[in-house]
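K.L.:
Sharing a structure below in structure tokens format, with a few things to ask.
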Ligand SMILES: [Zn+2]
């Protein structure tokens, strides 16, 4: 073989080696499954496709867990991983799923609402593929996902996403953002099928309260807050005032804009009798002007660039050298959820949703998030779900 031929052959082999090496890591990430130990309150496990058959056999067919109390009452649905790069939502939902007991009414938990986004990555921004949380029995490993569903599951993207049914023009990428595709339709793009299935649960089961759990940048004005439309505003305000007075943290109320379509806090309220709430906790990792996107930063929220920006009053939340650790973010979510349920139950006693054994802010800050996760290797087999 002549010299140029040998060089070409070596380059082809090198190219294939890089392709396989990089591709395998992404393949393993997409198929990595997190064990979830169903807690004592879980009475039934289903999937979104049980309510929206168009999802059957797709990567978007997420598990749905029911925690039915002995006494009938109201119903609340908790939705997390709408954006799978905001772990505080997922971890709060899993912590509730693994521990909560329901005395009256029902809780419905969808911990990985955008199941496809939980299997998508963001290598261009240097995101880690996984993160680990220390627990009392070892490290618990989770996939780090992305904001949008994977193009492997929903493709191609349109030039512009035309929201259904409002026909508002949204960015092309929003067709894969499940917080722009509410209220969905049974035969739309995959993410519209996801929101449609959730709407079917809410309408069919007569769900009273829907809570969509997120994290938001510290430089984004809608952060550290409860987003609520008019119909949910009173309960959101009472919850915000109570956590501030009793637990000492801020989570103010932001009105849900009426002219911006596709969002859970807007469409759930407009297309069902359910009262929607969207919770945001500050996640410094998602801000743009920061240092490297390491797992440590994801978990502790400490960054020198944000610290300097905070001194220049560029952030929408107080920020100091202690960062904004995961325990605080998950703790806030658990306390705000408990408070919304309590306020709702007080206002509508015959539709009360009474839950217990969910830790509050101070306990989670003190004990860490991992303390509340159970060891799947020591749990009864039928209680362990992989996703
Ligand atoms: Zn979000």
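Numbering (this note's numbering), first residue to last: 12 to 398. C-beta: ideal position from N, C-alpha, C; glycine also.
Relative to the alpha-carbon of residue 66, which residue among 376, 23, 199 has its alpha-carbon at the smallest distance?
P.N.:
If we check each option's Cα against that of residue 66, 199 comes out closest.
K.L.:
Residue 395 by DSSP, collapsed to three states: which one?
P.N.:
Three-state DSSP puts residue 395 in a strand.
K.L.:
Look at residue 401 and residue 362 and say whether their C-beta atoms are less than 8 angstroms apart.
P.N.:
There is simply no residue 401 to check, as the chain begins at 12 and stops at 398 in what is shown.
K.L.:
Give me the Cα-Cα distance between residue 105 and residue 47, rounded to the nearest whole angstrom.
P.N.:
Roughly 7 angstroms separates the two Cα atoms.
K.L.:
Since residue 182 is in the beta strand (DSSP E), which residue starts that stretch and which ends it?
P.N.:
Run containing residue 182: 180-182, per the beta strand (DSSP E) assignment.
K.L.:
Please list the terminal residues of the continuous alpha helix (DSSP H) segment that includes residue 254.
P.N.:
Here the alpha helix (DSSP H) through residue 254 covers 241-258.
K.L.:
If you draw a straight line from the C-alpha of residue 170 to the C-alpha of residue 386, how long is it?
P.N.:
Answer to the nearest angstrom: the Cα atoms are 46 angstroms apart.
K.L.:
So, at 7 angstroms on beta carbons, what are the nonlocal neighbours of residue 380 in its own chain, with the 5 sequence-adjacent residues on each side left out?
P.N.:
Result list for residue 380: 102, 106, 144, 337, 338, 341, in chain order.
K.L.:
With 16 other CB atoms within 10 Å as the buried threshold, where does residue 31 fall?
P.N.:
When all chains shown are included, residue 31 counts as exposed.
K.L.:
What residue does the beta strand (DSSP E) around residue 227 start on, and which one ends it?
P.N.:
Here the beta strand (DSSP E) through residue 227 covers 220-227.
K.L.:
Shortest alpha-carbon distance to residue 82 belongs to which of 264, 112, 137?
P.N.:
Measuring from the Cα of residue 82, the nearest candidate turns out to be 112.
K.L.:
Which residue marks the beginning of the alpha helix (DSSP H) containing residue 32, and which one marks its end?
P.N.:
Residues 14-42.
K.L.:
Can you tell me where the alpha helix (DSSP H) holding residue 305 begins and where it ends?
P.N.:
No alpha helix (DSSP H) holds residue 305; DSSP gives it neither H nor E.
K.L.:
Provide the residue span of the beta strand (DSSP E) that contains residue 120, from first to last.
P.N.:
Start and end: 112-121.
K.L.:
Could you tell me whether the stretch 230-241 touches the stretch 260-278, using the rule of 3 or more Cβ pairs below 8 angstroms?
P.N.:
These segments touch.
K.L.:
I'd like to know whether the C-beta atoms of residue 297 and residue 237 end up nearer to each other than 8 angstroms.
P.N.:
In this structure, residue 237 does not lie closer than 8 angstroms to residue 297 by Cβ.
K.L.:
Apart from the five residues just before and just after residue 355, which ones in its own chain have a Cβ nearer than 6 angstroms to its Cβ?
P.N.:
Around residue 355: 220, 246.
K.L.:
Which whole runs of the alpha helix (DSSP H) in the stretch 118-205 are 4 residues long or more, in chain order?
P.N.:
You should have found no qualifying run.
K.L.:
With a cut-off of 8 angstroms, do at least 3 Cβ pairs link the stretch 14-30 to the stretch 167-184?
P.N.:
The stretch 14-30, when compared against the stretch 167-184, does not touch it at the 8 angstroms Cβ threshold.
K.L.:
Using the beta-carbon count (16 or more within 10 Å), is residue 331 buried or exposed?
P.N.:
It is exposed - the Cβ of residue 331 has fewer than 16 other Cβ atoms within 10 Å.
K.L.:
Is residue 376 helix, strand or coil by DSSP?
P.N.:
Correct three-state label for residue 376: helix.
K.L.:
Would you check whether ligand 1 has a heavy atom nearer than 7 angstroms to the C-beta of residue 276?
P.N.:
No, Cβ of residue 276 sits at least 7 angstroms from all heavy atoms of ligand 1.
K.L.:
Can you tell me the Cα-Cα spacing of residue 42 and residue 277, whole angstroms?
P.N.:
Straight-line Cα distance between these residues: approximately 33 angstroms.
K.L.:
Where does residue 9 fall in DSSP's three states?
P.N.:
This structure gives no information on residue 9, because the portion of the chain shown stretches from 12 to 398.
K.L.:
What would DSSP say about residue 79, mapped onto helix, strand or coil?
P.N.:
Note: residue 79 maps to strand in three-state DSSP.
K.L.:
In the DSSP assignment, find the unbroken alpha helix (DSSP H) run with residue 9 in it and report its ends.
P.N.:
Lying outside 12 to 398, the shown extent of the chain, residue 9 is not represented and no answer is given.
K.L.:
Here's the rule: buried if 16 or more other CB atoms are within 10 angstroms of the residue's CB, otherwise exposed. What is residue 14?
P.N.:
That one is exposed.
K.L.:
Could you give the distance in angstroms between the alpha-carbon of residue 304 and the alpha-carbon of residue 317?
P.N.:
About 13 angstroms.
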